[in-house]
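Residues in the sequence shown are numbered consecutively from 192, following this note's numbering.
Taking it in order: structure first as structure tokens, then the write-up.
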Amino acid sequence: MQKKNEHIIIVGAGIGGLVSALLLSHQGFKVTVIERNEQPGGKLRALSSQEGPIDAGPTVLTLIDVFDEIFSKANLNLFKELDCYKEEILARHYWPDGKCLDLFSSHEKNLVSIEGVFGKKSAAEFDRFHRDCETLFFAFNKSLLRNREPMSFYANTDFLKSVPRLIRILGLPTNYWRKLEKYFSEPKLRQLFGRYATYVGGSPFNSPSLLQLIWYVEFLGVWRIKGGLHNLADRLKQLSTKKGVEFIFNKSVKKINIKENKVCSVDLHDGQKYKAGVILFNGDPRNFREGNLGENFKSLIKGKATEPRSLSAYVWSFASETKGLELAHHNVFFSKNYKGEFDSILAGQIAEDPTLYVCQQEEGLKNSSKNRFEIIINAPPLSQNQISLTKEYDLCKERTFQKLDKMGINFKNQPNLSDLTTPQTFEKLAPGGDGSIYGLSPQRLFSTFQRPSGKTRVKGLYLAGGGVHPGPGLPMAALSGKHAAEMIQRDLALT
Ligand SMILES: Cc1cc2nc3c(=O)[nH]c(=O)nc-3n(C[C@H](O)[C@H](O)[C@H](O)COP(=O)(O)OP(=O)(O)OC[C@H]3O[C@@H](n4cnc5c(N)ncnc54)[C@H](O)[C@@H]3O)c2cc1C
């Protein structure tokens, strides 16, 4: 018999918190979400502009089956609730010497595309890389990503079946870049596939080769939502509200209170108190170590579960007319010296010639000749960031638009200071994370297994979000929200 009248408080309306809210309310629990910002989504957000909302967070939606399953569990149809459609081109990649390569979610098309730009040998090398990524994905998908407990992955049959092949694929060298040097003789392809380490906030030069499986996640399909990905957060909020969830915005939780090692209430910064039998924290778990939720929790999360920090970013969101190259939806403009770029980040700077990710979003309002753009530059997290606050806007502007101009695309309307999200802004948006976007850096060999799981040792206290197992990115953070909802449901059934 479940305790349906137990009050569940979710702290934070990021994707993890929103998914938990939807699933728990669907089960009939009384849920309140407390969010310090004025809208849901956390990093999944848009900036408003005269041309309409412009995404300022995620733009690449992968593993759509994760969302399909979550919506189905709440008796909803994802494709009816949101206008989702699959991209034909995964991304268009440009290099300073004028080379350009499109990749698709069709292996045959990719072989033709790579052979056309880099020759037969590169296509054959890619074929081998792709097949190894496929093996890794299927070995770890059910055993690790979809598994609530990170450390029980090795007992899963998919994993066990793949062990002999995994030994070959994950064997020496274990460093991602060294591994890419073995796969590809073409340096540009090392650069292209190395970039997938940045999807979880890592440097390809200082990450384990396991991250190559991210290529296969992307290959499975990149999706768009009409109007922008931020609509996913708004829709989840609306659907949860319909199921009875109460959302409280512009209020933040200062302290989680416990009595006899069981949660009992939260204190807000404005002095209010809310009682709760279950609390799900969707912020960065580093907050516990920092004492931001009360002195009691400083040792709740191990240091190796949150440190060192992953990358941050400078993000432009603006509308402009452009002249020059014909862009796809997702575009990457690479640097000449990829190693030098990550050395600059390690030294607390952004590179003189940074790799730029350019998302050409939807056209502006009717009769407008402008398109909406999000441009991302990798950056060090706050505590390592040496870039002066007074200089970062000019620096980012110069390095972004001079480079793009040189590489063949001119932006007529350049953005203002208010169009730039900085590591400092990320820290304000989601405090306690050191401005880093993806939580724990994936740099250690076993980082993937070291994030905290959704259930803590304090009775009634659960975690969800990109800093929690299975990790950052929309589908992973959504999975963590699903895992937490399932654990809460199961535990309440036992009490
Ligand atoms: C620029 C950028 C690009 C990205 N690109 C992609 C991409 O293309 N594809 C992809 O899959 N992922 C991408 N990501 C990563 C993805 O956005 C995140 O991994 C994911 O959104 C994290 O969700 P979360 O559940 O951890 O919640 P978060 O987004 O971190 O939100 C947590 C929420 O909790 C609230 N909160 C925290 N503490 C408190 C408190 N004490 N009281 C009240 N509220 C609190 C915060 O205000 C915040 O709203 C990108 C991220 C960024 C920033």
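No residue lacks a Cβ here, since even glycine has one placed at the ideal position from N, Cα and C.
Spatial neighbours of residue i within its chain, please: CB distance less than 8 Å, with the 5 preceding and 5 following residues excluded, ordered by chain position.
i           : result
residue 437 : 222, 223, 224
residue 249 : 234, 235, 420, 664, 665
residue 446 : 457, 458, 484, 485
residue 313 : 305, 306, 375, 376, 377, 380
residue 430 : 213, 265, 267, 272
residue 329 : 349, 353
Take the Cβ of residue i as the centre, count every other Cβ of all protein chains shown within 10 Å, and call the residue buried at 16 or more, exposed below.
i           : result
residue 538 : exposed
residue 460 : exposed
residue 685 : exposed
residue 478 : buried
residue 192 : Note that residue 192 scores 49 on pLDDT, short of 50, meaning its location in the model is unreliable and no value can be drawn from it.
residue 604 : exposed
residue 533 : buried
residue 290 : exposed
residue 332 : buried
residue 612 : buried
According to DSSP, what are the bridge partners of residue i?
i           : result
residue 169 : In this structure the chain extends from 192 to 686, so residue 169 is not present and cannot be described.
residue 515 : 600
residue 321 : Answer by DSSP bridge pairing: none, since residue 321 is not bridged.
residue 504 : 569
residue 237 : 246
residue 437 : 223
residue 509 : 564
residue 199 : 222, 469
residue 252 : 414
residue 275 : 416
residue 612 : 506
residue 631 : 500
residue 366 : 399
If I measure Cβ to Cβ from residue i and keep anything under 7 Å in the same chain, skipping five residues before and after, which residues do I get?
i           : result
residue 670 : 257, 336, 337, 661
residue 343 : none
residue 559 : 242
If you follow the beta strand (DSSP E) that residue i is in, where does it begin and where does it stop?
i           : result
residue 293 : 291-295
residue 472 : 469-472
residue 448 : 444-450
residue 132 : With the chain running from 192 to 686 in the structure shown, residue 132 is simply not present.
residue 281 : 280-285
residue 521 : 521-524
Just to confirm, does residue i get its C-beta within under 6 Å of one of the non-hydrogen atoms of ligand 2?
i           : result
residue 665 : In the structure shown, ligand 2 is absent; the only ligands present are ligand 1.
Is any heavy atom in ligand 1 found nearer than 6 Å to the beta carbon of residue i?
i           : result
residue 235 : yes
residue 226 : yes
residue 576 : no
residue 210 : no
residue 522 : no
residue 443 : yes
residue 606 : no
residue 250 : yes
residue 506 : yes
residue 628 : yes
residue 601 : no
residue 569 : no
residue 473 : yes
residue 436 : no
residue 206 : yes
residue 684 : no
residue 468 : no
residue 308 : no
residue 482 : no
residue 412 : no
residue 621 : yes
residue 172 : Summary: the structure shown does not reach residue 172, with the chain confined to residues 192 through 686, and so no result is reported for it.
residue 202 : yes
With a threshold of 6 Å on Cβ separation, who are the neighbours of residue i within its own chain once the five nearest residues in sequence on each side are excluded?
i           : result
residue 573 : 614, 618, 625, 626
residue 567 : 504, 506, 548
residue 677 : none
residue 414 : 252, 255, 275, 277
residue 320 : 374
Where does the unbroken alpha helix (DSSP H) through residue i begin, and where does it stop?
i           : result
residue 414 : Here residue 414 belongs to no alpha helix (DSSP H); instead the beta strand (DSSP E) covers 414-416.
residue 256 : 255-264
residue 386 : Taken as a continuous stretch (DSSP letters only), residue 386 belongs to no alpha helix (DSSP H), as it is neither H nor E.
residue 303 : 298-309
residue 682 : 665-685
residue 453 : That residue, residue 453, is in no alpha helix (DSSP H); its beta strand (DSSP E) goes 453-459.
residue 359 : 348-361
residue 207 : 206-217
residue 529 : 529-537
residue 648 : Careful: residue 648 lies outside any alpha helix (DSSP H) and carries neither H nor E.
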